[in-house]
């Protein structure tokens, strides 16, 4: 039954409806796992035989929505954008980077990463300059050196002359006592999916999608540069963003900073790697199915997937994806907060971005409510579940109320999300020549999606949005909490780095929690809550917790993230840990 609670202050808010559908797990997926040379040769055969495409599509379970009677009276919804409007009297923020009231982590915390405030203070003191930091970073990230650093694998394109030019301009501003703000001179990186003037864009492939033409810098990156941020390069990603390991046959695969026998996660893996290794305080990523949060989780850092449409991606030369957004990955909560607020400044040329309320810190008391769908939460692997539950127990003692909730058709929803993003990707890439073996097969299979099933997916999208609206209206301020992934990292298998691999079963498993925010357009934050022993290798791997908020509730999620940061550093035994190859950029610059 529809609820009589319909909020004001939003555009396109779903009709709040409680959909009481008991959880019913689906059989474990039976996608074939293929890797190494077999995948290399088999992909050409499979991608050329049309009947195999349909067989694999059905084998993946994509036809599972056809018998769901619950979808019969639901209208389809193709765009998940819900806009939080400014309140009467809201004024523009004078500066997001003034440095006032920054919540910098205490220096006594174990495993402390440098923050943008630390870099800013070092520059102001004159002991270190932005140019000094750039000269430390260049030999670590350049791919054209005879003896390359392992860190360079996380980068696909850098422009040393542009880095030096930006750093020199920042250095002069500090020498004159006129820095632009706390981001002035701070190095940052950008995922290869995002347009930046002077840089090529490969999107993880071997093709330059700029085609040698000069492109305009995306609005969100331009805002960082206007604050004096020094871009140090484009970071690697999974080819076309179509998997979650960051395995890349064209550019190489950066290894997990905490355990080199594990993947970084993807598809924003290069950005998460650069942050985790201390090369940058924050980086720009994109997220269509967990691509900010999964690598942030695997690499033990912080990530924020904003509400759909809140961060402008314009100008965009690639077709828009109805599940994808741009957002920050950062080493600390203070870096995540500042970078998000700059990235999310309204873009006058972008319809949804310009209508959103201005991002700003919360100045009134907030409701501290955490929603747990226990059946879903408990599907995590035991070590992950234990660490996340420990964090929740800490948060409950800190004043959070735990509320039991349900979510309808979650297994089917994951299939609907996958069908949607893959269909949109296949439409944009009809010619698969030159792509990795795994993506040749994936895109051919995705192209088999009938209109009927795509339509049913959009009905399920609307059902989920209606149910979420009901929860948010019934429990104002609610944050829906899950582990970020049910598994602790993804181990690298034999032969995978040389020839790639196709493992849809593990991909579905590690996306079990993250897809909901993409499909419904709500914001979601991920933060590390501890470490567990790896299944291979000698080192532990990070584990993360996620919070999903109402549309436009990024500011509430940021406060939740600060509380989570407190747990990791003061509640978790031993506190935070830095990777063994973490780069001390300030120490090396002095």
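Residue numbers (this note's numbering): 798 to 1387.
No residue lacks a Cβ here, since even glycine has one placed at the ideal position from N, Cα and C.
Would the beta-carbon of residue i be found less than 6 Å away from any heavy atom of the ligand FMN?
{"i": "residue 1229", "result": "Questions concerning the ligand FMN fall outside what the structure shown contains, since it holds no ligand whatsoever."}
Looking at the unbroken beta strand (DSSP E) that takes in residue i, where does it start and where does it end?
{"i": "residue 1337", "result": "1337-1345"}
{"i": "residue 1323", "result": "1321-1330"}
{"i": "residue 1101", "result": "1099-1102"}
{"i": "residue 1277", "result": "1275-1280"}
{"i": "residue 1080", "result": "1079-1084"}
Starting from residue i, trace the alpha helix (DSSP H) in both directions and tell me its first and last residue.
{"i": "residue 1027", "result": "Not the alpha helix (DSSP H): residue 1027 falls in the beta strand (DSSP E), residues 1027-1032."}
{"i": "residue 1314", "result": "1312-1317"}
{"i": "residue 1363", "result": "1351-1363"}
{"i": "residue 1243", "result": "1234-1243"}
{"i": "residue 1384", "result": "1382-1386"}
{"i": "residue 1248", "result": "1248-1271"}
{"i": "residue 1301", "result": "1301-1307"}
{"i": "residue 1069", "result": "1066-1073"}
{"i": "residue 805", "result": "Segment: none, residue 805 is in no alpha helix (DSSP H) and carries neither H nor E."}
{"i": "residue 1111", "result": "Segment: none, residue 1111 is in no alpha helix (DSSP H) and carries neither H nor E."}
{"i": "residue 1118", "result": "Taken as a continuous stretch (DSSP letters only), residue 1118 belongs to no alpha helix (DSSP H), as it is neither H nor E."}
Should residue i be labelled buried (16 or more other beta-carbon atoms within 10 Å of its own) or exposed?
{"i": "residue 819", "result": "exposed"}
{"i": "residue 827", "result": "exposed"}
{"i": "residue 926", "result": "buried"}
{"i": "residue 975", "result": "exposed"}
{"i": "residue 858", "result": "buried"}
{"i": "residue 1388", "result": "Nothing can be reported for residue 1388, as the shown portion of the chain is limited to 798 through 1387."}
{"i": "residue 798", "result": "Note that residue 798 scores 45 on pLDDT, short of 50, meaning its location in the model is unreliable; the coordinates nonetheless yield the value given after this. So residue 798 ends up on the exposed side."}
{"i": "residue 864", "result": "exposed"}
{"i": "residue 805", "result": "exposed"}
{"i": "residue 1002", "result": "buried"}
{"i": "residue 1171", "result": "exposed"}
{"i": "residue 1276", "result": "buried"}
{"i": "residue 851", "result": "exposed"}
{"i": "residue 892", "result": "exposed"}
{"i": "residue 907", "result": "exposed"}
{"i": "residue 810", "result": "buried"}
{"i": "residue 1369", "result": "buried"}
{"i": "residue 868", "result": "buried"}
{"i": "residue 887", "result": "exposed"}
Closer than 7 Å by C-beta to residue i: which residues in its own chain qualify, once you throw out the five before and the five after it? Chain order, please.
{"i": "residue 1119", "result": "875, 876, 877, 1217, 1221"}
{"i": "residue 1054", "result": "1070, 1073, 1074, 1096, 1376, 1378"}
{"i": "residue 1030", "result": "938, 952, 954, 955, 986"}
{"i": "residue 1279", "result": "1173, 1174, 1310, 1343"}
{"i": "residue 1233", "result": "1036, 1046, 1297"}
{"i": "residue 1039", "result": "1222, 1236, 1239"}
{"i": "residue 1004", "result": "1231"}
{"i": "residue 839", "result": "831"}
{"i": "residue 1328", "result": "1337, 1338, 1339, 1340, 1374"}
{"i": "residue 995", "result": "956, 959"}
{"i": "residue 1380", "result": "937, 1074, 1075, 1076"}
{"i": "residue 1132", "result": "912, 913, 1078, 1079"}
Excluding the five sequence neighbours on either side, which residues of its own chain have a C-beta within less than 6 Å of the C-beta of residue i, listed in chain order?
{"i": "residue 873", "result": "1252, 1255, 1256"}
{"i": "residue 1302", "result": "826, 828"}
{"i": "residue 1056", "result": "1331, 1334, 1336, 1338"}
{"i": "residue 853", "result": "1242"}
{"i": "residue 1141", "result": "1107, 1108, 1156"}
{"i": "residue 823", "result": "1208"}
{"i": "residue 1049", "result": "950"}
Candidates the options: which alpha carbon is nearest residue i's?
{"i": "residue 1363", "options": "1194, 1077, 1333, 1350", "result": "1194"}
{"i": "residue 1228", "options": "1249, 1244, 1329", "result": "1244"}
{"i": "residue 1086", "options": "934, 1369, 1211, 920", "result": "1211"}
{"i": "residue 990", "options": "916, 1065, 810", "result": "1065"}
{"i": "residue 1270", "options": "808, 809, 815", "result": "815"}
{"i": "residue 1180", "options": "1286, 1089, 847, 1076", "result": "1286"}
{"i": "residue 971", "options": "919, 1133, 1359", "result": "919"}
{"i": "residue 993", "options": "1007, 984, 982", "result": "1007"}
{"i": "residue 1016", "options": "1273, 908, 1313, 1151", "result": "1151"}
{"i": "residue 880", "options": "1365, 1351, 1361, 1374", "result": "1351"}
{"i": "residue 1299", "options": "908, 1044, 1081", "result": "1044"}
{"i": "residue 1081", "options": "1032, 1050, 1042, 1112", "result": "1032"}
{"i": "residue 1000", "options": "1357, 1313, 981, 1113", "result": "1113"}
{"i": "residue 1144", "options": "1204, 1018, 1361", "result": "1018"}
{"i": "residue 998", "options": "1366, 1021, 1034", "result": "1034"}
{"i": "residue 1346", "options": "909, 1182, 1289, 1165", "result": "1165"}
Can you name, in chain order, every residue of its own chain whose Cβ lies under 8 Å from the Cβ of residue i, other than the five neighbours on each side?
{"i": "residue 1385", "result": "933"}
If we require 3 or more residues per run, which beta strand (DSSP E) segments fall completely within the segment 966-1012?
984-988
Taking only runs of the beta strand (DSSP E) that begin and end inside the segment 867-954, which ones reach a length of at least 3 residues, in chain order?
When DSSP assignments are scanned along the segment 867-954, the uninterrupted stretches of beta strand (DSSP E) that are 3 or more residues long and fall wholly within it turn out to be 952-954.
Alpha helix (DSSP H) runs contained entirely in the segment 823-855, provided each spans 4 or more residues
833-845
Can you list, in chain order, the stretches of the beta strand (DSSP E) that have 3 or more residues and sit fully within the segment 1134-1219?
1166-1169, 1198-1201
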